[in-house]
Structure formats: C-alpha cells, structure tokens
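Okay, structure first, notes after.
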Amino acid sequence: MTPTQSLLVVIFAPLLSAVIISFFCRQRHGLAAVISVTAAGAILAFSLLAILPKGTDVVTASSAWLHFGDFEVNKGFFFDDVAKTMLIMVAFVGFLIHVFSLGYMADDPARGRYFGGLSIFMFSMLGIVLADNLIMIFVFWELVGFSSYMLIGHYFNSDEAAAASKKAFIVNRIGDLGFLVGIVYAYWHFGTTNLSGMGGYVASNPDLVKVSIAALLMCGFIGKSAQFPLHVWLPDAMAGPTPVSALIHAATMVAAGVYFLIRIEFLFPQEVLTLITWLGASVAVYAGFCAYGQNDIKKILAYSTLSQLGYMSAAFGLGFPGVALFHLITHAFFKALLFLGAGSVIHGCHHEQNIFKMGGLFKKMPITAITFLIGTLALCGVYGLSGFFSKDAILIAGGLGNAPIFYLLTLGAFMTAGYMGRLFWIAFLGQPNSDCASHAKESPPTMLVPLIVLAVLSVAGGWMGYWPDFLGGLIKDNLDHLHQMDHYDAMHKKVLLFGSAAWIVGLLVSFFFYGAGAKEDRLEKRAAPIYGFLRSRLWFDEAYDFYVEKVQQRFALLLNFIDVFVIKGVLVRGSAGIVGLVGICSRSLHDGNLHSYVYWFLAGLILLWAVASGLL
Amino acid sequence: MGNLEASSLCLLVSILAPILVGLVLLCGSRFSVNSMRALSVFGFGLPLMIGIMLYGLFDPLLAGEYNFELRLPTGLESIGIYLHLGLNGISMPLFLLAGMVGLATGLYAMNSKAERLHLYLALLLFMLGGLMGTFASIDVFFFYFFHEFALIPTFLMIGIWGGAGRRVAAIEMTIYLTLGALLSLLGLIALYVQCGVDSFSLLELRNYLSSQALSETVQNNIFALLLFGFGILVSLFPFHSWAPKGYAVAPTGAAMLHAGVLKKFGLYGLLQIAAPLLPSGAEHWFPWIVWLALGNIILIGLVTMAQKDLKMMLGYSSVMHMGYAFLGIACFSVVGVGGALLMMVAHGLSVALLFMLSTCVYHRSQTFDLSSMGGLATKAPVLAGFFVAATMASIGLPGFGNFWGEFTIFVALAETDMTKWIVAPAAIGIVISAIYGLRAVSNIFFGQAKDSFKERLESGQVTDLQPFEKLPACLLIGGLLLTGIFPRIISDDANRELAVLYPYEQSNLTAIESVILPAEADAPKEVAH
Numbered sequence: 049m050t051p052t053q054s055l056l057v058v059i060f061a062p063l064l065s066a067v068i069i070s071f072f073c074r075q076r077h078g079l080a081a082v083i084s085v086t087a088a089g090a091i092l093a094f095s096l097l098a099i100l101p102k103g104t105d106v107v108t109a110s111s112a113w114l115h116f117g118d119f120e121v122n123k124g125f126f127f128d129d130v131a132k133t134m135l136i137m138v139a140f141v142g143f144l145i146h147v148f149s150l151g152y153m154a155d156d157p158a159r160g161r162y163f164g165g166l167s168i169f170m171f172s173m174l175g176i177v178l179a180d181n182l183i184m185i186f187v188f189w190e191l192v193g194f195s196s197y198m199l200i201g202h203y204f205n206s207d208e209a210a211a212a213s214k215k216a217f218i219v220n221r222i223g224d225l226g227f228l229v230g231i232v233y234a235y236w237h238f239g240t241t242n243l244s245g246m247g248g249y250v251a252s253n254p255d256l257v258k259v260s261i262a263a264l265l266m267c268g269f270i271g272k273s274a275q276f277p278l279h280v281w282l283p284d285a286m287a288g289p290t291p292v293s294a295l296i297h298a299a300t301m302v303a304a305g306v307y308f309l310i311r312i313e314f315l316f317p318q319e320v321l322t323l324i325t326w327l328g329a330s331v332a333v334y335a336g337f338c339a340y341g342q343n344d345i346k347k348i349l350a351y352s353t354l355s356q357l358g359y360m361s362a363a364f365g366l367g368f369p370g371v372a373l374f375h376l377i378t379h380a381f382f383k384a385l386l387f388l389g390a391g392s393v394i395h396g397c398h399h400e401q402n403i404f405k406m407g408g409l410f411k412k413m414p415i416t417a418i419t420f421l422i423g424t425l426a427l428c429g430v431y432g433l434s435g436f437f438s439k440d441a442i443l444i445a446g447g448l449g450n451a452p453i454f455y456l457l458t459l460g461a462f463m464t465a466g467y468m469g470r471l472f473w474i475a476f477l478g479q480p481n482s483d484c485a486s487h488a489k490e491s492p493p494t495m496l497v498p499l500i501v502l503a504v505l506s507v508a509g510g511w512m513g514y515w516p517d518f519l520g521g522l523i524k525d526n527l528d529h530l531h532q533m534d535h536y537d538a539m540h541k542k543v544l545l546f547g548s549a550a551w552i553v554g555l556l557v558s559f560f561f562y563g564a565g566a567k568e569d570r571l572e573k574r575a576a577p578i579y580g581f582l583r584s585r586l587w588f589d590e591a592y593d594f595y596v597e598k599v600q601q602r603f604a605l606l607l608n609f610i611d612v613f614v615i616k617g618v619l620v621r622g623s624a625g626i627v628g629l630v631g632i633c634s635r636s637l638h639d640g641n642l643h644s645y646v647y648w649f650l651a652g653l654i655l656l657w658a659v660a661s662g663l664l
Numbered sequence: 004m005g006n007l008e009a010s011s012l013c014l015l016v017s018i019l020a021p022i023l024v025g026l027v028l029l030c031g032s033r034f035s036v037n038s039m040r041a042l043s044v045f046g047f048g049l050p051l052m053i054g055i056m057l058y059g060l061f062d063p064l065l066a067g068e069y070n071f072e073l074r075l076p077t078g079l080e081s082i083g084i085y086l087h088l089g090l091n092g093i094s095m096p097l098f099l100l101a102g103m104v105g106l107a108t109g110l111y112a113m114n115s116k117a118e119r120l121h122l123y124l125a126l127l128l129f130m131l132g133g134l135m136g137t138f139a140s141i142d143v144f145f146f147y148f149f150h151e152f153a154l155i156p157t158f159l160m161i162g163i164w165g166g167a168g169r170r171v172a173a174i175e176m177t178i179y180l181t182l183g184a185l186l187s188l189l190g191l192i193a194l195y196v197q198c199g200v201d202s203f204s205l206l207e208l209r210n211y212l213s214s215q216a217l218s219e220t221v222q223n224n225i226f227a228l229l230l231f232g233f234g235i236l237v238s239l240f241p242f243h244s245w246a247p248k249g250y251a252v253a254p255t256g257a258a259m260l261h262a263g264v265l266k267k268f269g270l271y272g273l274l275q276i277a278a279p280l281l282p283s284g285a286e287h288w289f290p291w292i293v294w295l296a297l298g299n300i301i302l303i304g305l306v307t308m309a310q311k312d313l314k315m316m317l318g319y320s321s322v323m324h325m326g327y328a329f330l331g332i333a334c335f336s337v338v339g340v341g342g343a344l345l346m347m348v349a350h351g352l353s354v355a356l357l358f359m360l361s362t363c364v365y366h367r368s369q370t371f372d373l374s375s376m377g378g379l380a381t382k383a384p385v386l387a388g389f390f391v392a393a394t395m396a397s398i399g400l401p402g403f404g405n406f407w408g409e410f411t412i413f414v415a416l417a418e419t420d421m422t423k424w425i426v427a428p429a430a431i432g433i434v435i436s437a438i439y440g441l442r443a444v445s446n447i448f449f450g451q452a453k454d455s456f457k458e459r460l461e462s463g464q465v466t467d468l469q470p471f472e473k474l475p476a477c478l479l480i481g482g483l484l485l486t487g488i489f490p491r492i493i494s495d496d497a498n499r500e501l502a503v504l505y506p507y508e509q510s511n512l513t514a515i516e517s518v519i520l521p522a523e524a525d526a527p528k529e530v531a532h
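Keeping their order, the protein sequence lines are chains A and B. Be aware that the first sequence starts at 49, since it is given in the working numbering, and climbs by one per residue. Be aware that the second sequence starts at 4, since it is given in the working numbering, and climbs by one per residue.
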C-alpha cells in the first residue's frame, strides 16, 4: 500500500462511518459506537502505515475539484513531517477518546448521534491536517466548526447548550470571514493557494509576503484557536459532553488554528508575528486570571486551554513554529488527559461539575486521581514531564527574543500552577462535600485505560530523544536553532529557575490558601471585589451581548421598519394610482371562480398567439 | 444522428408531458386519489428522468452551439419565431434543477391535504412544463413565453390556496412580477428590433452581434430594461418587497417551485442573454448592480435578522442570497458567472427544501412564530436533522453546493483591482446568514419549549417526518450534496460554454508573474500542481 492509499483510507474511514451511522444506526446505538470506534482504530492503524515508510520525502497528491476560467481548486494531500506529527497525535488521541466515550456515554439515549458526530469531526479534522491548499483547509475548517456545533449542542434540550453551540459557530464565522477574504486575496496574489507552491514563490522572492494577507489569514486562527477578541466561545463550549471537550476543545480542533499558522508560516511578516506574540501572551495571562473565578471543573480546564493556546501562539510569533508544534503535541496529551480525568470525575459524581461539591475523591477514584495529578504536574511544567520541555523552550525563546513577553509568560506559568493546584486540592483531597462525591465510584476500564495511556504520554511525550526519526523534524530543527542562539545557556538557567519557582510557588500558595477539600471559595469570602473582578472575565461576554441585543438587533429592526414602511409603504404605495387602477381592474376579474381564471388565461394565450402570428 | 434526434424529441416531451398530465388532471376531478397520484408521479418525474438522461448524453465539446437542437415551425416564421429547443452548458444544470425541484414539489404536494387536489397538482404541472420550456428554449420568444406560462399558475395558486393576507400579497406580487416581465419583454423586443436579423433565435442574435456590436447608447438602454426587468423578477434591492410576503402566503408547492426555480429565470436571462450580447451595457451598469446587490446582501441580510416569522425569514433570506448571484454576474467573467450559476442551482435546491421543511414544521407547531416554539427536536429528530442540514446548506457550509457558489463569486470579485474591495462587505453576509439561520434552528428545535408549544409537544400529536416528507427532502439534500462534493458536474460543462460567452481577459495573474524572478515566471503552474 502506498502512503497515498493509506491516507485515503485514513480520511474516508470516518466519513464512511458517519454516513453509515446517520443512515442506519440512529436507533442502533451499540452498533453506532462499534462502527465509530472501529473507524477511529482504522485511522490510527493506517496513519501508522502512512508514516512508516522512512525517508523525508513529502507525499503529495492532488486532483481537480472545481475549475472556472482562471480559478482552479484542487483537492490533495501535502504530507510533510509537520503533517505526520500532527496526524499521529490526532489519530492517537482521537482513538483514545473514542474508547473513553464508550464508557462515558454508555447511558446516553442519543449515543448514535454522538458517535456519528465524532466520526464527522475526525473526518474534518484529518482533512485540515492533510490538506495541500488553503481552500481545502477552509472547507474542512468550516466542517470542524459544524461538527463542533453539533457536538456542543448534543444535549440540545438545555438552553445553555443550544446557546453555546450557536455562539461557537457564529463567533468562528466572524474569524472565518477574515480567513475567507485572505484566501481569496492570496489566490490572486500568488496565482495559487497550494502550500508548497506559495512557499516556493516566497522563497524565491520574499517581497511577495504581504501584511494584509497575513493579517486576514490570522483571523481564521483567532476564531478557531479562541484568541483575543474571539475567545468567548470556548468556555461556553463546555456545555458539550466531556469527551468532546477533550477531543475538540482541547486537544485537536482549537489547536488546528496553531497548526494552520505553522503550515503557512512563510507568509508572515514580522509585524503580524509580533501582533500574534502579544495576543498570545496576553491571552495566556488573561485566561489564567479567569480560571480563578470559575467553580466548574470543565470551565477551569477550558480557561487553561485558552492560556496554553496563548503560549503556542506566542512561540509561533517569536519565530519558532516548531516549538509551537512541540507544545501543541505535549499539550494535546496532558490536556486530553485532564479533560478525560474530569470526565471520569463527572461520571463518578453523577454529573456534578462544581469542584466545591466534590472533595475527597482521591480515595474514591484513585486511578483517576493519580492520572489527573500527573496531568496537572505536566501542565504546570514540572521538571522531566512533557509540559516542562515544551514550555521551557517557549520561555527561553521569549527570554532571548522579547523580555516583556518572557515575564508575561512566566506570570502565566505561575497562574497555571495556582489554579490547577486549587482545582486538584479542592476536588480530590479533604472530605466529600456532597452526596454525589461521597457516593462516587471509580470509572470502568474503558475509561481508565485511555487515562493511563495518556498519563504515560504526558510523562514521556516531551522526551524528544525517543521520538522516531521521521517525526518532529521541524521541532528538532527549531530546538537546535534555539540551542545555538547566543546566551542560550544563561537563559536556560534563568528559565529553569523561574519555571520551577512558578510551579512550586503556585501549587504551594494554592494549597495554603484553599487548603485541602475546601467547601467554599475563601477568595470569595475574604476579598469579594477581587473575586468579582476575576469572575467578570473583563466583561467581554457582557459587552458582546450588549452589542448583539441593543445595537445589532435594534439596527436590524430599524432597517426592517424602513423596509416595510418606507420602501414598501411609501415608494411602492406612492405609485398608488397605478396600483389602485390595476387593483380595480383585477378585482373585476377576481370573481373567485376558478373556471373563469382558467378561461381568462386561455383566452389571453390565444389572443397573444393570434396577434403574434398576424391573424388579427 | 438518429440518437440525437431522439434525444431532441425527449426535450419536447419533457415540456409537454407535465402539461398534458396537468390537462388530464384538470378534466378529471373524478379520478381516485391513487390514480391521480400515479398520473402525477409520471408527470413530475419524467422531466427529471429526461434531464438525467440528457445530462449523460451531453457533449461538452459543442460549446458555443447547443446540444439536442430541435426546431419546429410555429406559424410565426414571418417574424422569426420557431420553437427552437436545445441545451448548453449553462442551461443544462438549470434544466436539471427544474426537474429535481419539480419532482420534489410534486412528491410533497400529492400527499398534501390541499382542497381540490387535482387542480393544485395540475397547476403545479403547468408550472413545471413552463419551467422546463424556459430553460430548454433557444428562441428568446419562447424563453419568455414559457416563463409567463409558469408564472400565471403561481398567481392562481396564491389566490386560491394562499394563507392569511393572500389577497394583498397576491396583488402586490402580480403587479411587481408583471411589471418586471413587461420591462424585460420590452428589452427583448428592442434587442430583436435593433439587431434586425428577423430572428428571435439566441444563436442568430449572438452571431449577428459578434460581428457587429450595437452602439453604446443602445446597449446601455436595452441592458437597463433587461437589468431592471429581470432584476424585479429576482427581487433585486429595492424591488424585493413582493418576495417575502408573497412567499409567506404562497402555498408550499408554489413557493418551492417559484423561489427554487422560476425566480432563477431573471438571472438566467441576464447571464445567458443580456450580458453576453450587450457587453458594454453590462459594463456601464456594473456599479449599479454592485451597489444594489450589496443592498440585497447587507441591508436585507440585517432585515432578515429582524424577522420573527419563519416563512418571512426564509423569504428575506432568499432575497439576500440573490445578491451574491447578481455580484457574480456583475463580475462579467467566467469565474463570476460560473459562481453565479453554481449559486443559482444550489440556492434553488436549498430554498425549495427550506420552504418544504418550514411547512413540515408548521404542521407540527401550528405556528410560524419563531418565538413560540422550541424543543421540537425531541419529538422530531429527523425533521431537525434535515432542517439543520438545509440551513447549513443555505448559509454556505462546505459540502453543499451553496458554498462553492459563494466562494467562487468571492474569488471572482477579487480578480480585478477594481472589484477587489467588494469582497469584504459581501463576505459579511456569511456571518449575517449564520446568525439568522442558527437562531431560527435553535428557536424551533433546541432548548426548552415555550409554554404554549409545550402542551402540544407533550400531547403526543407531534410526530417525526413521515416517509412522504422524507422522500422529497432526501432528493433535494442529495442534489445539494452532489453539487457540494462534486461541483465539477456543473462546472466542467459550464466552464467551456462560458469561455465562449465571456471571452474577456481580466486576470490579475500577470501581476505576480512580473514580480517573480524572470527564471521562475514560466513555472508557476507546474509548481502549483
């Protein structure tokens, strides 16, 4: 089997699964689950098959999709080392989350729809990973948006989920608006949107890079990866089932924005890179603050995802796309682990999500608790775990490139340790704070096995030395480049010091402040204004709601009024003379007798014919 | 050749069969329901079957000429009118569209509970016959004649089976559409007179004008007549007032066929007749089309967001999407017109589907008021699935044909520096349509049911989609997916044809070739593919 054939299987297996499920398995939930998980298994198997042929050659294949005049769209693969790395991550994490879903969704009455949605998602996500041109990326980009819409709205009976799914789609569309315009401009600017084609042009003539195109394409990333100012949809998206949050809203789809940037890295001029750096660093800190104001375990993790995405985009903006990809991969492992751990907790606690209603879960759910702890430590960047390596590299890149960014990111690391510590101490230590927590039971093996596998990867995923040769080429290049920069050694020590201090202090302070298994938020009691401020999340949602309700909708109503009364009423009725005249004439014909209508019609027809043919 | 003649006759059959079946139904009110259905399945289905067959036989290499030509005498030869039928790369997809929407409409209508069903079906069949004829006509006179032939049953159906307020709406619609038709007729006659070749045949007109273009003033004036005449028929802003209200009161079948297919007549006239024959007229009116089309997209888009009634919302959204088609035609390039064509086909399918599904919703909710529904997906998940799919199609989700239409039009707009700026305001439409589309879906199907609707939902009267509703819905969704996944089924043939009709060079690509180092300049296409 050639790699191209394997890739075809990889991308069409989930599509086939989705089609079969939506046509035949809406009521056969068990079968739907089996088909979907099988498809995910096939993706993993054939992905391995596709990357195994050694060598660095890039697999490309394409065929025409649409052709009008000078406009041509192709569909094709561009399978280089970046795509290989991403593909393996998506296939692997995707498969584990499918398996986890078997347990988590076992009692759900709409499992068929759920698994069908997962398959559509896998199809769309793999499309983004493999696509060889911007238009194809956009096609699948929209499709992941749709699957996200569908899966966030899984519990469609709740108003919250209905609103969240709508919000996610629309906010993403706003980003895609810029993305779309960017693609269209890029097409005529380069004469193609093929990734390697554009890369070749830029390599031969760097002047072709344009700020406007790069900035427009960046909008797509801002929407999908939930960066400022379009970050508001991600926390709300937690209304979906937890495995969905793990797969789509932590490990893969939101990271697709960063992946997209890495794919078109050559199109970015310095101005836009700087903008992305600042956006990323500010989200990293902002989301950290927001996480303190949340009590819902999933929302805390959602803000943590936001903040980690900020790290990735900062790394990209600093000129190290490989380092961004590195963090993307390690983040996928530990964040999927954390979300699935949260899923296990929620499952054990009968859908309780408030951490202050948990407590003492370490004893009740030991495996979940230990794996969750591993994930937490990896996220905080504890020495030797996967998060340490990637975050360290980002901090070093910041330190060497842009000092304010370095301090912001270090502050972010401190915040991360703080809110993750708060979450862990309150939910897992101390005594159970509610009935749900005291009756919590450890989850079934289908859920625990993915946790354990992901925990292993969260520990070992950052050990680049053990990665196969044909993976992570860009990452290794970028790390080597980083190592060879001036002042690397000094900065490395500094980062080691600052980074370790951040997680040690963060975890300890949160432990002392909240204590083990707190029943209520002490911050809320002691310093209500600060807590209120954190909870406000800087009023982004309120401002947007105000705009939508009070400005946009009112403007729409005003236009509607104008349309009805001015255009229709005055302009049209202004010619009332004609209208009245025709009205009177037609009223005499409108005698309500159908036969007469038909006769009139026929008479007119004959008359017309007669006049035209010269009989009259 | 024998094969060709048989297929040309098929073209005639596809027009006459529905009309004949309609006549039979008209005479026979004593038919049993079953025989009536069997008859009308035949009448509604035959055009699509013929369309698919002809699509298989279609020879794209005849670009510039017509496939399946048939020329019958009419007794009007003295003034150059023949029943001259045939299909080219542009009319072929629309011919198929008419067949497809026609069959879906028929399948849905024959199971509806309309009073005097035989009459209702007969009028729909007349409409369908007229539609097939419009797109199959090479003769401009018949092109227009068949349109009128299809339009009159629309008025009758609104007048007889329409909902509340039908009288006012029907009169308004009649006045508008008659006015539009009249203007375009004037334009067509002026074209005929100015050419002076004593022929209504599009081919002959085209041949004549390609050797001897009309003077600029004449072109401008005739194009104005055609633009505003056709524009009114397609609800070009600000001549759109008839559309939302008209569709809101129209019976489902009439709305499906009119919004889905008949409305495309005006656009078809612009891109097949007006723009290729009157190039400098098109150029002259270009800024007008752009501004008015942006009015369609942005202003009407916002008005759509303010609607509280499902059917009004669909009517306005259909007006809004027409703006894209106008923009595509305004580009006056192969890419732009190709995009407009894709948009017309896909929009026809999706709007027909949405009108049908909105009636399905009404049968379950007894209201079109968006604010008093909710939670319908619990009881009718399949209906919800179809409605979501149709909404996604109409807001341009890739995978459905509408996406390629919109996208190609955006690409076409960016092709020249002069039109580049239009892309951004036009693309705002993708956000606006997402807002009203998803808001409607969420209000109808998701969340908690409103109090008044809750009782109904819990009373057990609400059922999911029935087989007779599923079948036409599947047909239309199938068409949307087909055009979305394999857009080449339309674009390949159309591309060849458009290259003949729009032989104008306007690519910006030369710009990049001059920027790239000379050695690279020859290679771009190879690198790209």
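For glycine and all other residues, C-beta sits at the position ideal for the given N, C-alpha and C. Keep in mind the model is a prediction, meaning the values are calculated, not measured.
Using beta-carbon distances, A:Lys272 does not count as an interface residue toward chain B, since no partner is under 7 Å. A:Asn526 sits in a helix when the DSSP states are folded into three classes. Residue environment for A:Tyr514: exposed (fewer than 16 other C-beta atoms within 10 angstroms of its C-beta). With contacts defined by Cβ atoms closer than 7 Å, B:Val337 and B:Ala216 do not form a contacting pair. Looking only at B:Phe358, B:Leu357, B:Leu239, the smallest Cα-Cα distance to B:Ala328 is reached by B:Leu239. At least one CB atom of chain A sits nearer than 7 Å to the CB of B:Pro401. Taking the CA atoms as reference points, B:Ala355 sits about 7 Å from B:Val104. Cα atoms of B:Ile141 and B:His87: separation of roughly 5 Å, rounded to the nearest angstrom.
Residue burial is scored here from C-beta neighbours: B:Ser462 has fewer than 16 other C-beta atoms within 10 angstroms and is therefore classed as exposed. In this structure, A:Trp473 sits away from A:Phe404, with a CB-CB distance that is not shorter than 7 Å. Between A:Tyr233 and the set B:Ser436, B:Ala429, B:Phe413, B:Ile431, the nearest pair of CA atoms involves B:Phe413.
Restricted to the stretch 249-331 of chain A, the alpha helix (DSSP H) segments that are unbroken, complete and at least 4 residues in length are 259-272, 281-284, 290-294, 301-311, listed in chain order.
Look at A:Phe381 here: in three-state DSSP terms it is helix. Burial is judged here by how many other beta carbons sit within 10 angstroms of a residue's own beta carbon; A:Arg570 has fewer than 16 and is exposed.
Look at A:Val141 here: in three-state DSSP terms it is helix. In terms of Cβ geometry, A:Leu178 and A:Gly370 do not form a close pair [threshold 7 Å]. Remark: C-beta atoms of A:Ala81 and A:Phe163 approach each other more closely than 7 Å. When secondary structure is reduced to three states using DSSP, B:Glu472 falls in the helix class.
By the neighbour-count criterion, in which a residue is buried when 16 or more other Cβ atoms sit within 10 angstroms of its Cβ, B:Lys382 is buried.
Per the Cβ contact rule, the stretch 358-373 of chain A is in contact with the stretch 439-449 of chain A (3 or more Cβ pairs under 8 Å).
Contact annotation: A:Met173 and A:Thr300 have beta-carbon atoms nearer than 7 Å. For A:Asn220, the enclosing alpha helix (DSSP H) stretches over residues 207-238.
DSSP places B:Thr220 inside the alpha helix (DSSP H), whose first and last residues are 219-236.
Excluding five sequence positions before and after B:Phe471, the CB atoms of its chain that fall closer than 6 Å to its own CB belong to Asn114, given in chain order.
For A:Phe127, the uninterrupted beta strand (DSSP E) segment begins and ends at 119-127. Shown here for A:Gly247: same chain residues with a beta carbon closer than 6 Å to its own, the five before and five after excluded, namely Phe314 in chain order. Residue-level contact check: B:Pro63 does not touch chain A, since none of the beta carbons of chain A fall below 7 Å from its beta carbon.
The DSSP-derived three-state label of A:His115 is strand.
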